[in-house]
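**Q** Following the working numbering, the numbering of the sequence shown begins with 138 at its first residue and continues without gaps. All residues carry an ideal CB built from backbone N, CA and C; glycine is no exception. Quantities reported herein were computed from a predicted structural model and do not represent experimental measurements.
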Amino acid sequence: MVSSKDLEFARQSMVEELQAINWYQERIEKCDDEELKKILTHNMNEEKEHVAMLMEWIRKNDKEQDKVFEKHD
Numbered sequence: 138m139v140s141s142k143d144l145e146f147a148r149q150s151m152v153e154e155l156q157a158i159n160w161y162q163e164r165i166e167k168c169d170d171e172e173l174k175k176i177l178t179h180n181m182n183e184e185k186e187h188v189a190m191l192m193e194w195i196r197k198n199d200k201e202q203d204k205v206f207e208k209h210d
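#1: If I measure Cβ to Cβ from Thr178 and keep anything under 7 Å in the same chain, skipping five residues before and after, which residues do I get?
#2: Within its chain, find whatever has a CB closer than 7 Å to the CB of Gln202; leave out the 5 residues flanking it on each side and keep chain order.
#3: Are the beta-carbon atoms of Ile158 and Glu184 separated by less than 9 Å?
#4: Cβ of Leu191 within 9 Å of Cβ of Ser150?
#5: Could you tell me which uninterrupted alpha helix (DSSP H) segments, each at least 4 residues in length, are contained entirely in the region 145 to 204, listed from first to last along the chain?
#6: Would DSSP call Ser141 helix, strand or coil?
#7: Note down the Cα distance separating Glu172 from Met138, rounded to an integer number of angstroms.
Written out as structure tokens, the structure is:
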């Protein structure tokens with residue numbers, strides 16, 4: 138069984154990844170240089186992948202959370 142501390146680490150990491158996505162999106166929208174926009178977009182998409190990985194881990198290790206996702210699928 139996974140500890141509540143580890144679940145908290147995963148959830149907090151997901152919050153931070155989502156915040157990073159918002160920061161990248163804001164910068165992309167304000168950026169004038171197309172090459173830099175591509176780099177920032179790439180980085181933002183990597184953050185989205187991190188969110189997905191964390192959510193998969195949380196669903197696997199928090200059965201109550203998984204039930205909520207199943208209900209809303």
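**A** Let me spell this out:
#1: Ile165.
#2: Sequence-distant partners of Gln202 (beyond 5 residues in either direction) whose C-beta falls short of 7 Å from its own C-beta, in its chain, are Ile195 and Arg196.
#3: yes
#4: yes
#5: 171 to 198
#6: helix
#7: 46 Å
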